[in-house]
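J.: Quick mapping for you: the protein sequence lines, in order, are chains A and B.
Quick note on numbering: our numbering labels position 107 of the first sequence as 107, and the sequence is numbered without any gaps.
Just add 1000 to the spot in the second sequence (first one is 1) and you have our numbering.
Number of protein chains: 2
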Amino acid sequence: MRIGQLAEQLGTTPNAIRYYERSGILSAPRRSANGYRAYDERDAERLRVLVGLRQLDLPLAQAAQLSSLCADGRCAEVSEELRSAITDKRVELAKRITELRYLDQRLAHLDGRLVTGEPPKTLITIGKEDCP
Amino acid sequence: MRIGQLAEQLGTTPNAIRYYERSGILSAPRRSANGYRAYDERDAERLRVLVGLRQLDLPLAQAAQLSSLCADGRCAEVSEELRSAITDKRVELAKRITELRYLDQRLAHLDGRLVTGEPPKTLITIGKEDCP
DNA sequence: CCTTGACATTGGTGCGGCTATAGGGTCTAC
DNA sequence: GTAGACCCTATAGCCGCACCAATGTCAAGG
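Below is the structure:
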């Protein structure tokens, strides 16, 4: 399996895969005679896990650690760590969503002021008024 | 006014302000005898606008442009451009929030599987099951 | 055989918006 | 006189790739 096919299968890009390899996250695959990376099923599986974890938006470093644990057959530990990571992530997500919603409110409010009022002489007060 | 005080007033950092200056976004302020940056009220006001716009999460370049327009007394134009920027931003925000909520759902679902099931042999299917 | 076009390779820089650090100088208070 | 809080410049680092150039390699069609 070549890098392009693999990337497409997993919903990532050749560049990303090479980047993982460069950064030591992924072990270098076999090369075929022409020098192309040739991935076997084990490589692919490992990468699948990594990509899966990244799609959960875990930091690359953590995704790397977990996928390597998993590759070592220590999936029970992965499961535990993953649960804790998920919890943290969800807390973070909740916070982030709240922030974004608050920002949206402020934008809506400011928009309203810009529409109804005359153009403000200054924008100094942006985001300070009326939105605690 | 020295850089530290100004930064604190505006809820930013000295380093960030110096960065704006370095990148040509902010004109360099007067220096006092000891070489410290000395900001007057005009400087401060301009920066206040910039920071305000950044707090609305506009891209720095755009915030810079608008704050400079504003400093030139062309606030009417700012108002128009800002309205359009706000609209765009809100669209983007809505999308982002949806994404984050979807991610949260997937995390919750995966967490459930990790709790109830035995540890999975592989994590291959992460994020692929049951979440269309 | 030759061309065409789609892949691949290495090695590098660029992005945004700062933050952090190193290695100094300067002011104020005790 | 010295401790601590502030300031200066200059540089490196962060994240996770995306993108670029210059070059090599392959399969299919004429």
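All residues carry an ideal CB built from backbone N, CA and C; glycine is no exception.
Determine which residues of the region 70-92 of chain A have a Cβ less than 8 Å from any Cβ of chain B, and write them out in chain order.
T.: C70, C75, A76, V78, S79, L82, R83, I86, T87, K89 and R90
J.: With respect to the alpha helix (DSSP H) encompassing B:Y1102, which residues constitute its N-terminal and C-terminal limits?
T.: C1075 to T1116
J.: Compare the C-beta of B:R1106 with all C-beta atoms of chain A and state if any pair is closer than 8 Å.
T.: yes
J.: Helix, strand or coil for A:R48 per DSSP?
T.: helix
J.: For the alpha helix (DSSP H) holding A:P14, just list the boundary residues, first then last.
T.: P14 to R22
J.: A:R54 to B:R1031, Cα distance in whole Å?
T.: Taken atom to atom, the span from the alpha-carbon of A:R54 to that of B:R1031 is near 48 Å.
J.: Would you please verify whether the beta carbon of A:I187 is less than 8 Å from any beta carbon of chain B?
T.: There is simply no residue 187 of chain A to check, as chain A begins at 1 and stops at 132 in what is shown.
J.: Report yes if the CB atom of B:V1049 is closer than 8 Å to the CB atom of B:S1067, and no otherwise.
T.: yes
J.: Helix, strand or coil for A:I124, going by three-state DSSP, please let me know.
T.: Low confidence applies here, because A:I124 scores a pLDDT of 48, under 50, leaving its location unreliable; read the following figure in that light. Note: A:I124 maps to coil in three-state DSSP.
J.: Residues in the same chain with beta-carbon distance under 8 Å from A:A85, minus the five sequence neighbours each way, listed in chain order, please.
T.: L58, Q62 and L66
J.: Looking only at C-alpha atoms, which of B:D1111, B:V1051 and B:L1103 sits nearest to A:V78?
T.: The option with the nearest alpha carbon to A:V78 is B:D1111.
J.: By how many angstroms is the C-alpha of A:A44 removed from the C-alpha of A:L6?
T.: 7 Å
J.: Do B:L1056 and A:L107 have their CB atoms nearer than 8 Å?
T.: Closer than 8 Å, so yes.
J.: Could you tell me which of A:R37, A:V115 and A:C75 sits nearest to A:R22, measuring between CA atoms?
T.: A:R37
J.: Just checking my contact of A:D40 with B:L1093 at CB under 8 Å: how many whole Å lie between their CB atoms?
T.: About 43 Å; that fails the 8 Å criterion.
J.: Is any beta-carbon of chain A found at less than 8 Å from that of B:D1057?
T.: Chain A contact via Cβ: present.
J.: Could you list the residues in the region 20-49 of chain A with a C-beta less than 9 Å from some C-beta on chain B, going in chain order?
T.: Hits within the stretch, in order: E45, R48 and V49.
J.: Does the CB of A:R18 have a neighbour CB from chain B at under 8 Å?
T.: No, no contact with chain B.
J.: Using a Cβ-Cβ distance under 8 Å, would A:L103 count as near chain B?
T.: Under the Cβ criterion of 8 Å, A:L103 is counted among the residues facing chain B.
J.: By Cβ distance below 8 Å, which residues in the same chain neighbour A:D130 in space, the five residues on each side in sequence not counted?
T.: Bear in mind that the predicted position of A:D130 carries a pLDDT of just 38, short of 50, making it unreliable; the figure below should be weighed with that in mind. The answer, listed in chain order, is H109.
J.: For A:L100, which residues in chain B fall below 8 Å Cβ to Cβ?
T.: L1093, R1096, I1097 and L1100
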